[in-house]
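Chains as they are written, first to last, in this note's numbering: chain A, 1 to 197; chain B, 1001 to 1197. For glycine and all other residues, C-beta sits at the position ideal for the given N, C-alpha and C. Structure first, then comments.
2 protein chains.
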Amino acid sequence: MKKKEIILQVAMQLFAKKGFKDTSMAELSKTTGAAEGTIFYHFKTKQDIFLEILKTAKEDILSEFTRFTENRKFKTGIEMMEGAISFYLYLSELKEDLFLLLHRRYPFELAEVNPVCRDHLESIYNCFVDIFEQAVLAGQADGSIGPMPARKTALIVFTMVDGLVRFKLYNLYDAGTLFDELTASCRRMLENKPVTV
Amino acid sequence: MKKKEIILQVAMQLFAKKGFKDTSMAELSKTTGAAEGTIFYHFKTKQDIFLEILKTAKEDILSEFTRFTENRKFKTGIEMMEGAISFYLYLSELKEDLFLLLHRRYPFELAEVNPVCRDHLESIYNCFVDIFEQAVLAGQADGSIGPMPARKTALIVFTMVDGLVRFKLYNLYDAGTLFDELTASCRRMLENKPVTV
DNA sequence: GAAAAAACCGACTGAGTACTCAGTACAAAA
DNA sequence: TTTTGTACTGAGTACTCAGTCGGTTTTTTC
């Protein structure tokens, strides 16, 4: 494996676990085995390393997204929603470092002044919310999900699932036992209830 | 106002807006008008400033909590839940700096190695979740909320509301338009539905 | 196999960091 | 009036930081 790839991979882990500011180039050099000069040969600045990490992460997430929407077929929209929630939780385990990174403040602060960073972040988050929105729209088409604004509902579901991921990543609460309750809550929230009047 | 109070107040703002690490003692000294020596006369370390901020924040939140539970009377549990959600959003505006601070990673990282910090954080978050839990329990007693695990449901509602606050603090989405949808979603999620079989 | 190019090295730089300390100002106590 | 104690000062300290630079090794090209 080339040094550049090693640097990107190790930087991702360190930025995720310790934060961008709290990871020094000296530490990155030591962990990768590449001299500090080598790191700055491949990347102009420390920030550029972060942006390249985010770029590959975006491509990664987008390909996972198409893999999910193409391969999986669901009977109802509400089942698709449960599949989407499971998919998000599955991804958060598969790519734990990325999710740790995205739960830090640095990416958002950088996004405020750096359009490239903003674009990457938007792509990633739109991708996630889109999946939930598609599930709502599908459910409303087949009658399994009641009438409600699709995008807003998708955002609300996203906050719930991402909150669960946060509990899991920070070890704040046994997320496993919360998962069943979360899907049940979503189901009650979304279900198409016949009007009783 | 004494210099010590000014230091605490300004440090709170800077830690919230720029982060703990990204706030230097030189900047804190300049902004407060107190010499760096003065800051270290009142506080042994930079971390101690943060811990004292968190301590007063805890006391603050706990007194708001009792104010909410004592003064407000609700007809049903589900109305109490809506009141609790509004209360949380109201607090997040009233004490924006504190909520910005609590949405950073530093407090949680410090909590992992510092029991004092952990205690303060636990007190604050338990306080919030307790309000939601009490609403669920009250609703189950009066029949407005269906049978579901109270604590877990409270945690799920917390992730939703805190997610909305995050949207608002980070300016990610027009939180005002999401609020109505959030309360409606919670209502659907919690409502006691008669069994139709 | 020589020349050119790309990859790599680590000592070095200067700006910035949290924190120290000898000393000042000033009010209350003796 | 003298002493004592508290709030305060800012230059100084040892250290860390991202980024540089002159030079060496490895790979590619012809």
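Would you mind sorting residue i into buried or exposed? The rule is 16 or more other CB atoms within 10 Å of its CB.
i          : result
B:Gly-1019 : buried
A:Lys-168  : buried
B:Arg-1067 : exposed
B:Lys-1152 : buried
A:Val-157  : buried
A:Thr-45   : exposed
A:Tyr-88   : buried
A:Leu-98   : buried
B:Ser-1024 : exposed
B:Ser-1185 : buried
B:Ser-1092 : buried
A:Glu-133  : buried
B:Met-1012 : buried
B:Val-1197 : Caution applies to B:Val-1197, whose pLDDT of 44 falls short of 50 and renders its modelled position unreliable; the model cannot decide the point.
A:Met-1    : exposed
What residue from the options has the CA that sits closest to residue i's CA?
i          : options                                        : result
B:Pro-1107 : B:Glu-1005, B:Phe-1015, B:Asn-1071, B:Gly-1139 : B:Phe-1015
A:His-120  : A:Phe-40, A:Ile-53, A:Tyr-88, A:Phe-43         : A:Ile-53
B:Pro-1149 : A:Lys-2, A:Ile-78, A:Thr-177, A:Met-1          : A:Thr-177
A:Ser-123  : A:Asp-60, A:Glu-36, A:Met-25                   : A:Asp-60
A:Ala-57   : A:Leu-100, A:Ala-138, A:Val-113                : A:Leu-100
B:Cys-1127 : B:Lys-1095, B:Glu-1036, B:Phe-1065, B:Glu-1093 : B:Phe-1065
A:Val-113  : A:Gln-47, A:Gln-13, A:Thr-23                   : A:Gln-47
B:Leu-1094 : B:Asn-1192, B:Lys-1193, B:Val-1165, B:Arg-1187 : B:Val-1165
A:Glu-191  : A:Gln-140, A:Glu-181, A:Phe-179, A:Ser-86      : A:Gln-140
B:Glu-1181 : A:Ile-7, A:Ile-6, A:Pro-147                    : A:Pro-147
A:Phe-74   : A:Phe-179, A:Ile-7, A:Ile-6, A:Ala-138         : A:Ala-138
A:Ser-86   : A:Phe-179, A:Arg-187, A:Lys-193                : A:Phe-179
A:Glu-96   : A:Ile-6, A:Ile-7, A:Ser-63, A:Tyr-170          : A:Tyr-170
A:Lys-55   : A:Arg-72, A:Lys-193, A:Leu-102                 : A:Leu-102
A:Tyr-125  : A:Leu-62, A:Ser-29, A:Glu-70                   : A:Leu-62
Compare the beta carbon distance of residue i and residue j with 7 angstroms and say whether it is the shorter of the two.
i          : j          : result
B:Thr-1031 : B:Val-1010 : yes
A:Glu-82   : A:Thr-183  : yes
B:Ile-1145 : B:Ile-1078 : yes
B:Met-1080 : A:Met-189  : no
B:Thr-1076 : B:Asp-1142 : yes
A:Leu-172  : A:Val-116  : no
B:Ala-1034 : B:Lys-1003 : yes
A:Val-129  : A:Ala-111  : no
B:Lys-1021 : A:Lys-21   : yes
A:Ala-84   : A:Ala-135  : yes
B:Phe-1040 : B:Ile-1049 : no
A:Arg-118  : B:Arg-1104 : no
Nearer than 6 angstroms: is that true of the beta carbon of residue i relative to any heavy atom of the ligand GTP?
i         : result
A:Glu-181 : Of ligands this structure carries none, so the ligand GTP is not represented either.
Self-check item: Every unbroken beta strand (DSSP E) within the segment 1050–1090 of chain B, with a cutoff of 3 residues, ordered by chain
Solution: none
What residue ranges within the segment 1149–1196 of chain B form continuous alpha helix (DSSP H) runs of no fewer than 4 residues, ordered along the chain? Residue ranges of uninterrupted alpha helix (DSSP H) with 4 or more members, entirely inside the segment 1149–1196 of chain B and ordered along the chain, are 1150–1170, 1175–1190.
- prompt: Can you list the alpha helix (DSSP H) stretches of 4 or more residues lying completely in the segment 94–128 of chain A, in chain order?
  reply: 96–102, 106–113
3 or more residues per run - each beta strand (DSSP E) lying fully within the segment 1001–1050 of chain B:
none
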